[in-house]
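Following: one structure in structure tokens, then a few remarks.
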Amino acid sequence: MNRVEVMLGLAACALAATIACESAARADEHSDDAKGRRKASPEMIAKGQSMYKITCAPCHGEGGKGDGPAGKIFKPHPQDHTDAAYMDTITDEDMAKTIQMGGALKGKPSMPSHPAIRGEEMQALIAFVRTLSHPVK
102 MNRVEVMLGL
112 AACALAATIA
122 CESAARADEH
132 SDDAKGRRKA
142 SPEMIAKGQS
152 MYKITCAPCH
162 GEGGKGDGPA
172 GKIFKPHPQD
182 HTDAAYMDTI
192 TDEDMAKTIQ
202 MGGALKGKPS
212 MPSHPAIRGE
222 EMQALIAFVR
232 TLSHPVK
């Protein structure tokens, strides 16, 4: 092997080690709970709460009970996000699909779709919705 190949090999090893360490740090930061749901930082939950107030509260209510001013006219009524027994049956993936594609997926055709909510914004919104049925201690 010549000197260039050795240097490239060392650089590749250093890069791989850096990526592995970064991935491990992110995994700890966003590790899953016993139900496979992401744990969220207080900042992420706060971001989700501000999104919820704008996007969801008009129908689901500020406290998530399904009693928002706009939701009162819908049949069926908006979902009560404080109902832990029901909310525990929904995966984060299902919740994301319902938010993005609308409530028709779950028999709630009045819920509009929100296809622009994705990625970290979706994770934040879901994290906040989870606190409505399981308040953060």
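If you read the sequence shown in our numbering, its first letter stands for residue 102, the second for the next number, and so on.
We treat Cβ as the ideally placed atom computed from N, Cα and C, and that holds for glycine.
Using beta-carbon positions only, say whether P179 and M152 come within less than 8 angstroms of one another. Sequence index remark: in the sequence shown, residue 179 carries index 78 (1-based). Sequence index remark: in the sequence shown, residue 152 carries index 51 (1-based). Between P179 and M152, the gap from beta carbon to beta carbon reaches 8 angstroms or more.
Considering only their Cβ atoms, is the gap separating M188 from P234 smaller than 8 angstroms? Position 133 of the sequence shown, counted from the first residue, corresponds to residue 234. Position 87 of the sequence shown, counted from the first residue, corresponds to residue 188. Just to set this straight, residue 234 is Ser in the shown sequence, not Pro. Going by C-beta atoms, S234 is nearer than 8 angstroms to M188.
Starting from L237 and walking both ways along the alpha helix (DSSP H), at which residues does that stretch end? Here residue 237 is taken as the residue at index 136 of the sequence shown, counted from 1. Here residue 237 is Val; the residue named in the question, Leu, does not match the sequence. From DSSP, V237 is part of no alpha helix (DSSP H); its letter is neither H nor E.
Name the residue from G165, P159, D193 whose alpha carbon lies nearest to the alpha carbon of M223. To locate residue 223, count along the sequence shown from 1; it is residue 122. Residue D193 is the option with its Cα nearest to M223.
Straight-line gap, L206 to P177 (C-alpha atoms, nearest Å): Within the sequence shown, residue 206 is the residue found at index 105, counting from 1. Within the sequence shown, residue 177 is the residue found at index 76, counting from 1. The C-alpha of L206 lies about 13 angstroms from the C-alpha of P177.
From I214 to R104, what distance separates their C-alpha atoms? As a first step, residue 214 must be located in the sequence shown, where it is residue number 113. As a first step, residue 104 must be located in the sequence shown, where it is residue number 3. Note that residue 214 is Ser in the sequence shown, not Ile. So the alpha carbons of these two residues sit roughly 58 angstroms apart.
Quick check for students: name the residue ranges of the alpha helix (DSSP H) that lie wholly in the region 185–227, counting only runs of 4 or more. Correct list: 185–188, 193–202.
So, K148 versus A225, is the Cβ gap smaller than 8 angstroms? Walking along the sequence shown from the start, residue 148 turns up at place 47. Walking along the sequence shown from the start, residue 225 turns up at place 124. Going by C-beta atoms, K148 is nearer than 8 angstroms to A225.
In the DSSP assignment, the alpha helix (DSSP H) including Q150 goes from what residue to what residue? On the sequence shown, position 49 is the one that residue 150 refers to. Run containing Q150: 143–156, per the alpha helix (DSSP H) assignment.
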